[in-house]
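Engineer: Sending over a structure as structure tokens; questions will come in a sec.
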């Protein structure tokens, strides 16, 4: 993966403490067993080159996006910023809003989904289980349907917990698997389709200045996102 590739990673925000970017789809956030180039390493190399830094560059991972998911993401450029941002995540004052295209129609125009999720580390699959199941964790999200078209719904989702594969599993449990989700929606998706899940807003108090920072990113204007007009898509990043 050359530097031409990195020039395609738009920078949304940068100062001495933080680096906010648009994660491209199909790049792992951090090194994994695939051995493919990962976002963290690419960004570190880029900082090293742009600022002509000798030695190791620090870049802290504060939150993750699944490999096939793109959109707004924040990284910490100092360990102090990283620990403060991680605290923000733990105290739930770190906002994560996503856009998803799902099959079918959700039971209401807006609502809250609460499920108990259990991850199987062997298969890396997450399933909805009964309350009281050992190892299960509560998953909570709010959703709002912004439009329906061609048998699909465009949904804006705010995560209140950060469970593995949470949106994919909870939407599937609600009877509306994500477009292109090969793992939890294989019965309605074709192999090779790109999952329609995008990180549209990441918001948090700046770890040093305490000012509100809000990063926004809209999904690419391609199928299935382009089933909706620009003005509908713009609502994804409005408050």
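In UniProt numbering, the protein residues as written are 1 to 239. Think of the CB as a built atom: it goes at the ideal place given N, C-alpha and C, for glycine as much as any other residue. Fair warning: this is a prediction, and the values are worked out from it, not measured in the lab.
Let me know the secondary structure DSSP gives residue 92 once reduced to three states.
Structural biologist: Coil at residue 92, not helix or strand.
Engineer: Suppose the cutoff is 8 Å on Cβ atoms and the five residues either side in sequence are ignored; what does the same chain contact list for residue 167 look like?
Structural biologist: 98, 100, 141, 157, 159, 178, 197.
Engineer: Quick check: the Cα distance between residue 39 and residue 161, rounded to an integer number of angstroms?
Structural biologist: When rounded, the separation of the alpha-carbon atoms in residue 39 and residue 161 is 23 Å.
Engineer: List the residues that DSSP assigns as beta-bridge partners of residue 198.
Structural biologist: 70, 99
Engineer: Below 8 Å CB to CB, which residues in the same chain sit around residue 193 once its five sequence neighbours on both sides are set aside?
Structural biologist: 179, 180, 182
Engineer: Name the DSSP bridge partner or partners of residue 252?
Structural biologist: Past the edges of the chain, shown from 1 to 239, lies residue 252, and the structure says nothing about it.
Engineer: Tell me which residues share the same chain as residue 203 and place their Cβ nearer than 6 Å to its Cβ, disregarding the 5 neighbours each side in the sequence.
Structural biologist: 95, 214
Engineer: Taking all protein chains shown into account, decide if residue 8 is buried (16 or more other Cβ within 10 angstroms of its Cβ) or exposed.
Structural biologist: exposed
Engineer: Just to check my reading of the structure: residue 200 and residue 70 have Cβ atoms closer than 8 Å, yes? What is that Cβ distance to the nearest angstrom?
Structural biologist: Not really, about 10 Å apart at Cβ, beyond 8 Å.
Engineer: Taking the alpha carbon of residue 209 as the point to measure from, which residue in 164, 80, 143 has its own alpha carbon closest?
Structural biologist: 80
Engineer: Opposite residue 47 in the DSSP bridges: which residues?
Structural biologist: In the DSSP output, where bridge partners are listed per residue, residue 47 has none listed.
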